[in-house]
Every structure is written in structure tokens, then in C-alpha cells.
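**Q** Take this structure first; my questions come after.
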Amino acid sequence: MASSRPSHRGPDKIFGIPKHHSDSQHPGGRSYDYTQKYLPDELGKEADHEARIWKVYLDEAESYDEDMVRGFRDTIDSLLVLAGLFSAVVASFVVQTSLNLKPDYAQLTVVLLSEQVALLRAAGVGSSSTIVPATGVSAATATYNTFDVWINGLFFTSLSLGMFTALLAVLSKQWLQAYIALTSGSAKDRALARQFRFNGLQRWRLEHVVGFLPLILHAAFGVFFLGLCIFVPLGYRIR
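Mapping the sequence shown onto my numbering, position 219 (from 1) lands on 220, and the numbers just tick up by one.
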């Protein structure tokens, strides 16, 4: 006779999302029993090149590395796309605003021609040329507007931070590619090679580098918007 006692199993869904029921009964994310997958080692050969301990280590490391590398790659790929688009936008501003760091030769020509016309008029009526005030403007004495310097400095800083983020992201992807590259040799050799690479990632603190990339990009956005706040209210001129 079937029991009518209620089941104590939890809900199959949480907020409408199917609940994941792990079928793994083994630690480390394994879905198998290594004692059944690998034959036991002969007595005295428990640490040989093809011993079971190395094969189990490689299986555990593969599961761990897969999750770690996937998380790093998702973050890096998103940052690369955002950094590329952001750098393109900032570069378009820099192309225009950097022109104001050069002397405006068209404006200089207008000023000097106006002075020459005034001198010709004075000479035509027999007046002294000293009554025409000198402009004192030349390409050698041209100065930059303070706002031009600030705006370009902020935009160039923002662009540099964006490019630096992209550079570190590419380097991180290269490190990950080298980390998961296949190696040849016995199970022991492959296990030692994997551990050597993992120690290298820990020593170079790749996790901290990848976590620091969004902060650099956020700083680039902040500097850019600060320059934009100066750029827009002044009715900034674009040549």
C-alpha cells in the first residue's frame, strides 16, 4: 500500500526559475567515483607517472579551470567591447578638440589683413601710421586658451585609460590561452605542468588584474564626462 505521507522535498522552482538538482554525490564537482573509473595502482607504484592520483588530480583541475577561465573570459570580452566603443567615441572628440591646440592661422590672417587695410587707409589720407594700433599678433606669440588645454588634457587622459584597459584585457586573454594550452607527456608531467601554470597565475595575481579592469574603465568614463561638462556649456568651437 502506497504511503500517503507528504514529501519533504523542496520546491522545484524558485521565483519561477527551475531549481538545479545536482546529481553529483562526490566532492569537487565530480559526477563519478574515481575508484570505479580508474583501476587501483599496484603496490609501490602509487606515485608513478601514470598513477591514479595524477589522473584524478587532472580531472578535478579540469573542472575547476573550466569554471575559472569561463568567468574570466566573459568579463574580459565584455570589457574589450566596451573599451573599444568608448575609445572610438573619445577619439572622435580628440580629433576635433586637438585642433584648438594649434594656432588658428585663418584668424591670424584676418587680423593681420585688417591691420594692413588700416595702414593703407592712414597712408591714403596722409596720416601717420602710428595712429593705427599694432595688433601684436603673430604665429610665434599665439597662446592657447586655458579651457582648450583642460578639455584636451581630460580627453587624452580618458583615451589613454581606455586603451590601457584594452591592453591589459588582451594580455589577460593571452595568459588564459597559455594557461589552458594542452601539454603532452605522462599524467604526472601534465599535472605538474598545470600546477606550475596555476602557481604562475596566483603569483601574478591575474584575478586581481581582471577585477581591476572595470575600475580603470570607470575612471576613464569619469574623466571623459568631466571634460564633457567643460566642453558643452562653453559652446565649444569646432574648426
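Yeah, the Cβ is synthetic: ideal placement off N, Cα and C, and Gly gets one too.
Looking at the unbroken alpha helix (DSSP H) that takes in E63, where does it start and where does it end?
**A** By one-based count along the sequence shown, residue 63 stands at place 62. Counting along the chain, the alpha helix (DSSP H) containing E63 begins and ends at 53-98.
**Q** For H185, count the other beta carbons within 10 Å of its own beta carbon; 16 or more makes it buried, fewer makes it exposed. Which is it?
**A** Position 184 of the sequence shown, counting from 1, holds the residue named residue 185. Note on identity: in this sequence residue 185 is Ser, with His being the wrong assignment. Classification of S185: exposed, given that the 10 Å Cβ count is below 16.
**Q** List the whole-angstrom C-beta distance separating I84 from T166, where the pair is believed to meet the contact cut-off of C-beta under 8 Å.
**A** The count along the sequence shown starts at 1 and reaches residue 84 at position 83. The count along the sequence shown starts at 1 and reaches residue 166 at position 165. Checking the sequence shown, residue 84 turns out to be Ala, not Ile. Contact flag correct, Cβ pair sits at about 5 Å.
**Q** S79: buried (16+ other C-beta within 10 angstroms of its C-beta) or exposed?
**A** If you number the sequence shown from 1, residue 79 lands on position 78. With fewer than 16 other Cβ atoms within 10 Å, it is exposed.
**Q** How about the stretch 47-57 and the stretch 187-199: do they share at least three Cβ pairs that are nearer than 8 Å?
**A** Yes: at least three Cβ pairs fall under 8 Å.
**Q** Where does the unbroken alpha helix (DSSP H) through S173 begin, and where does it stop?
**A** Residue numbering aside, residue 173 sits at position 172 when the sequence shown is read from its first letter. Where S173 is concerned, the enclosing alpha helix (DSSP H) stretches over 147-180.
**Q** Excluding the 5 residues preceding and the 5 following L218 in the sequence, name in chain order all residues of the same chain whose CB lies nearer than 8 Å to its CB.
**A** Reading the sequence shown from its first residue, position 217 is the one you call residue 218. These residues qualify, in order along the chain: L80, L83, A84, F87, L162, G163, T166.
**Q** For R195 versus A62, is the C-beta distance shorter than 8 Å?
**A** Against the sequence shown, residue 195 aligns to sequence position 194. Against the sequence shown, residue 62 aligns to sequence position 61. Contact flag set, yes.
**Q** Drop a sphere of 10 angstroms on the beta-carbon of G153, count the other beta-carbons inside from all chains shown, and report buried for 16 or more, exposed for fewer.
**A** Position 152 of the sequence shown, counting from 1, holds the residue named residue 153. The identity of residue 153 in the sequence shown is Asn, whereas the question assumes Gly. It counts as buried.
**Q** Select from Q175, R198, P215, T98 the residue whose C-alpha is nearest the C-alpha of G228.
**A** Position 227 of the sequence shown holds residue 228. Ranking the options by Cα distance to G228, first place goes to T98.
**Q** Go ahead and label D68 buried or exposed: buried means 16 or more other beta carbons lie within 10 angstroms of its beta carbon, across all protein chains shown.
**A** As a position in the sequence shown, residue 68 is number 67, starting the count at 1. Result: exposed.
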